[in-house]
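Just so you know, the working numbering puts 208 at position 141 of the sequence shown, and the rest follows in order with no gaps. Ideal Cβ placement from N, Cα and C applies to all residues, glycine included. Only one structure is covered here, and it is reproduced in the block below.
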Amino acid sequence: MLRLGIIGYSPKNGHPYSFSSILNGYNREAYLKTEWLGILNYLEKREQDEIASLDARVTHIWTQSLDLSKQIARCSKIDHVVSNYQDMIGYIDGVIIARDDYEIHKEIAQCFLEENIPVLIDKPLTLSKEELQWYKPFYDKGLIMSCSGFRYCRELDDVRENLEKFGDIKLIRAAVIN
68 MLRLGIIGYS PKNGHPYSFS SILNGYNREA YLKTEWLGIL NYLEKREQDE IASLDARVTH
128 IWTQSLDLSK QIARCSKIDH VVSNYQDMIG YIDGVIIARD DYEIHKEIAQ CFLEENIPVL
188 IDKPLTLSKE ELQWYKPFYD KGLIMSCSGF RYCRELDDVR ENLEKFGDIK LIRAAVIN
């Protein structure tokens, strides 16, 4: 079984809850005591064989708040709450950094990457060209991943199908609406 850690929290971003619950299963009663009923609703609409069906579990969690970490652990059946994210090293096979604040991603990822522990970083990975260059050797070794769901966004289908109508694109501005 693949043992994963999950790190961090950003306001209005329920990824620590949802990612962990998809992998581990979830505690409905614990979710009912949170503001994340939308995630619970999503989970309950899924086929139950889609939940906790992989040979992977989130076994450790750290967020900026011990109380929040405990709440996520209850909702998502995570066994270990740590008071320092570095305490996961030696107990996990990979880590998910589920925070939106790109300014801190490198600082958190560095200790894991330097131990050859694979890292998935929630978007955006970084806005810095220098940091992107720093990540490249880890990417080349297959130790880092970051991605976006824009590829699957139906709202962009018309744009994708008609790119030639736009000519040379100089600037793209986008907003994400949940």
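The continuous beta strand (DSSP E) containing GLY72 extends over residues 69-74. Residue environment for TYR219: exposed (fewer than 16 other C-beta atoms within 10 angstroms of its C-beta). GLN138 counts as buried, since no fewer than 16 other beta carbons sit within 10 angstroms of its beta carbon.
In the structure shown, ASN108 falls within a helical segment according to DSSP collapsed to helix, strand and coil. Fully enclosed alpha helix (DSSP H) runs of no fewer than 4 residues occupy 224-228 of the segment 203-237, in order along the chain. In this structure, the beta-carbon distance from LYS190 to ASP167 falls below 9 Å. About 16 Å separates the beta carbon of ILE128 from that of ILE184, a gap too long to meet the 8 Å contact definition.
In the three-state scheme derived from DSSP, where H, G and I count as helix and E and B as strand, ALA176 is classed as helix.
With a threshold of 16 other beta carbon atoms within 10 Å, LEU133 falls short and is exposed.
When DSSP reads this structure, HIS127 sits in a beta bridge with GLY72, HIS147.
Minimum Cα-Cα distance from GLN177 among the listed residues LEU194, TYR202, LYS196, TYR158 corresponds to TYR202.
In the DSSP annotation of this structure, the continuous segment of the alpha helix (DSSP H) that includes LEU90 starts and ends at 82-91. DSSP, reduced to helix, strand and coil, places SER132 outside both helices and strands of the structure shown, so it counts as coil. When the alpha-carbon of LYS79 is set against those of TYR93, GLU96, THR101, the nearest one is in THR101.
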